[in-house]
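Asker: Just so you know, numbering that gives the first Met the number 0 puts 47 at position 48 of the sequence shown, and the rest follows in order with no gaps.
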Amino acid sequence: MSLIKAALRWLRGVPAVVAHAREDLAAVRANDPAARSAVEVALFYPGVHALWLHRIAHDLWTNGAPLSARALAHANRFLTGIEIHPGATIGRRVFIDHGMGIVVGETATIGDNCLLYKGVVLGGVSLSRTLRHPQLKDGVVVGSNACILGAIEIGEGARIGSGSVVVRPVPAGATVVGVPARVIVPAKHRFDAALDHANLPDPVQDMIRALVAQNERLRTRVEKLEERLEIRHESQPSFLPYEGEELPPADGG
0 MSLIKAALRW LRGVPAVVAH AREDLAAVRA NDPAARSAVE VALFYPGVHA
50 LWLHRIAHDL WTNGAPLSAR ALAHANRFLT GIEIHPGATI GRRVFIDHGM
100 GIVVGETATI GDNCLLYKGV VLGGVSLSRT LRHPQLKDGV VVGSNACILG
150 AIEIGEGARI GSGSVVVRPV PAGATVVGVP ARVIVPAKHR FDAALDHANL
200 PDPVQDMIRA LVAQNERLRT RVEKLEERLE IRHESQPSFL PYEGEELPPA
250 DGG
């Protein structure tokens, strides 16, 4: 009976469904230069198919048919390689690019105009039956193989770099990279493209470079001080002495 009610409800909502489908096709064409026509997108883009099947599964889930919803979600995963729990809430004009390996948890929310690349995980870290998955606001871009874990909020327009592991909330407009992900100052690193993977900075690498430069400056200062004090050093062995062995006396002491 619930399936019959759902069918009648879907018939009444056909105009809205058609409008949303057109928006989905337009979103793909706006974000993927490889998409040449709406017909091509409708026939051969698994991210679009996954969204369409999820909308049906979500309707079943929220209207008293959880078993049918899970069955459809399972079929969706088999057909597209994209696993979306029927309880997840997904907004309009969302684009899933390629999509293989994407996992979206039960209580996750994806806002309007979001872009997800392949391998993205919106996972939970709690066993409690409560809000335990990420909440993506509008316009969020998530790079390939990024993991966002826990009931954290990803602010509007935020960017998640490929391969990042996000375990803390991300402010609106920020870009985060790394494991665990670190926030990059938006005013310094902001990109016109959806996500400029090739030019994302690495804060760990930047820190190492800064330490190396500081070490070189200190070595230069020490050498100048030694020259001024006329201190001479013989080359020292690169290994530690054995137990009981004494180090040779230092010259110039």
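Beta carbons are placed, not taken as given, at the ideal position from N, Cα and C, and that holds for glycine.
Quick check: the Cα distance between residue 225 and residue 178, rounded to an integer number of angstroms?
Answerer: Going by the C-alpha atoms only, they are around 42 Å apart.
Asker: Who are the near neighbours of residue 40 in its chain, counting only those whose CB is closer than 7 Å to its CB and skipping five residues on each side?
Answerer: These residues qualify, in order along the chain: 24, 27, 28, 34, 47.
Asker: Would you mind sorting residue 214 into buried or exposed? The rule is 16 or more other CB atoms within 10 Å of its CB.
Answerer: Exposed is the call here.
Asker: Please state whether DSSP places residue 101 in a helix, a strand or coil.
Answerer: Coil at residue 101, not helix or strand.
Asker: Alpha carbon to alpha carbon, how far is residue 10 from residue 135? Give it in angstroms, no decimals.
Answerer: Answer to the nearest angstrom: the Cα atoms are 30 Å apart.
Asker: Evaluate contact between the stretch 51-63 and the stretch 123-139, counting only Cβ atoms and requiring at least three cross-stretch pairs below 8 Å.
Answerer: Not touching, per the Cβ criterion.
Asker: Taking the alpha-carbon positions, what's the residue 81 to residue 16 distance?
Answerer: Between residue 81 and residue 16, the C-alpha separation is close to 21 Å.
Asker: Three or more C-beta pairs closer than 8 Å, one from the stretch 115-124 and one from the stretch 147-154: is that the case here?
Answerer: They touch, by the three-pair rule.
Asker: Give the secondary structure of residue 148 by DSSP, where H, G and I count as helix, E and B as strand, and everything else as coil.
Answerer: Reduced to three states, the DSSP call for residue 148 is strand.
Asker: Buried or exposed for residue 32, going by 16 or more other Cβ atoms inside 10 Å?
Answerer: It counts as exposed.
Asker: Would DSSP call residue 191 helix, strand or coil?
Answerer: The pLDDT assigned to residue 191 is 49, lower than 50, so where the model puts this residue is not dependable, and the model offers no usable value.
Asker: What number of angstroms, rounded off, separates the C-alpha of residue 52 from the C-alpha of residue 138?
Answerer: Near 22 Å, if we compare the C-alpha coordinates of residue 138 and residue 52.
Asker: Can residue 19 and residue 91 be called in contact, C-beta distance under 8 Å?
Answerer: Result yes, Cβ atoms of residue 19 and residue 91 sit closer than 8 Å.
Asker: By the DSSP assignment, the beta strand (DSSP E) with residue 81 in it spans what residues?
Answerer: Run containing residue 81: none; DSSP gives neither H nor E here.
Asker: Assign residue 219 to one of three DSSP states: helix, strand, or coil.
Answerer: Of the three classes helix, strand and coil, the one that applies to residue 219 here is helix, per DSSP.
Asker: According to the neighbour-count rule (16 or more other Cβ atoms, all chains shown, within 10 Å of its Cβ), is residue 84 buried or exposed?
Answerer: Under this definition residue 84 is a buried residue.
Asker: Apart from the five residues just before and just after residue 170, which ones in its own chain have a Cβ nearer than 6 Å to its Cβ?
Answerer: Closer than 6 Å at the Cβ level, and outside the excluded window around residue 170, lie 154.
Asker: Go ahead and pull the three-state DSSP assignment for residue 91.
Answerer: DSSP places residue 91 in coil when its eight states are reduced to three.
Asker: Return the CA-CA distance between residue 50 and residue 216, expressed in angstroms with no decimal places.
Answerer: Those two C-alpha atoms are separated by around 56 Å.
Asker: DSSP state of residue 131, grouped into three classes?
Answerer: Residue 131: coil per DSSP, three-state reduction.
Asker: Report all residues from its chain with a CB closer than 7 Å to the CB of residue 187; omit the five preceding and five following residues, and keep chain order.
Answerer: Low per-residue confidence applies at residue 187: pLDDT is 49, beneath 50, and the placement is therefore not dependable, though the value from the model is reported in the following sentence. Excluding residues within five positions, none has a Cβ falling inside 7 Å.
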